[in-house]
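Visitor: If you count by the working numbering, then the sequence shown holds residues 7 to 142, one letter each, in order.
Where is the CB? At the ideal position from N, CA and C, for every residue including glycine.
Right, I'll just put the structure down here and ask away after.
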Amino acid sequence: MLPDFMKKFFFIILLLLSSRCTVFADTRLDSLQKALKESEEDTNRVNILNSIYREYQNSDPEISFVYAEKALELSEKLGFSKGSASSLNNIGRYYFSKGQSSKALVFYIKASDIFTQIDNKKGKAISLANIGSLFF
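The structure is reproduced here in structure tokens:
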């Protein structure tokens, strides 16, 4: 059993760490939003959109889904296969979080196929891990 002063100390440390994480997340999101406004319609913009998706995916899935769709649309327009596959994975994660496993699976498989075509082993591994999560 910890003494009371130790419990208070750990509580204060935990409180400080959690507040710093929130500030960091807000700062990162602000930076990404600023970069998005300043970016052109290129592959960098796709990467920014996918990064914004990741920032929102747990806190506001509906907004994150909008960013993933925008990233997919721009990727397809540019012929940016890696961006398309990443966006498809993100959309699959959205459907997985909504409990729509069959829809999620379709997007994960499409992403895996693209990653295979462009020989992106890391992306393919992520897609396959997502598929594995569905069946787990």
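Among the residues of its own chain, which have a CB less than 8 angstroms from the CB of P67, if the five just before and after it don't count?
Guide: These residues qualify, in order along the chain: Y100, S103, K104.
Visitor: For my contact list, F113 and G129 are in at a C-beta cut-off of 8 angstroms; report their separation, rounded to the angstrom.
Guide: 13 angstroms between Cβ atoms; not a contact.
Visitor: Where do the N-terminal and C-terminal ends of the alpha helix (DSSP H) with S4 fall, by residue?
Guide: Past the boundaries of the shown model lies residue 4; the chain is included only from 7 to 142, so the question cannot be answered.
Visitor: Roughly how many whole angstroms lie between the Cα atoms of S133 and D36?
Guide: 28 angstroms
Visitor: Quick one: which unbroken alpha helix (DSSP H) runs of 4-plus residues sit fully inside the stretch 93 to 124? Chain order, please.
Guide: 107 to 123
Visitor: Under 7 angstroms Cβ to Cβ from S70, same chain only, skipping five residues before and after it: list those, please.
Guide: Setting aside the 5 residues that flank it on each side, S70 is surrounded in the same chain by Y59, Y62, Q63, Y100, each with a C-beta closer than 7 angstroms to its C-beta; the list follows chain order.
Visitor: Anyone know if the C-beta pair for N136 and N95 falls short of 8 angstroms?
Guide: yes
Visitor: Use the C-beta contact count for N56: other C-beta atoms within 10 angstroms, 16 or more gives buried, fewer gives exposed.
Guide: buried
Visitor: Report yes if the CB atom of R51 is closer than 8 angstroms to the CB atom of L80, and no otherwise.
Guide: yes
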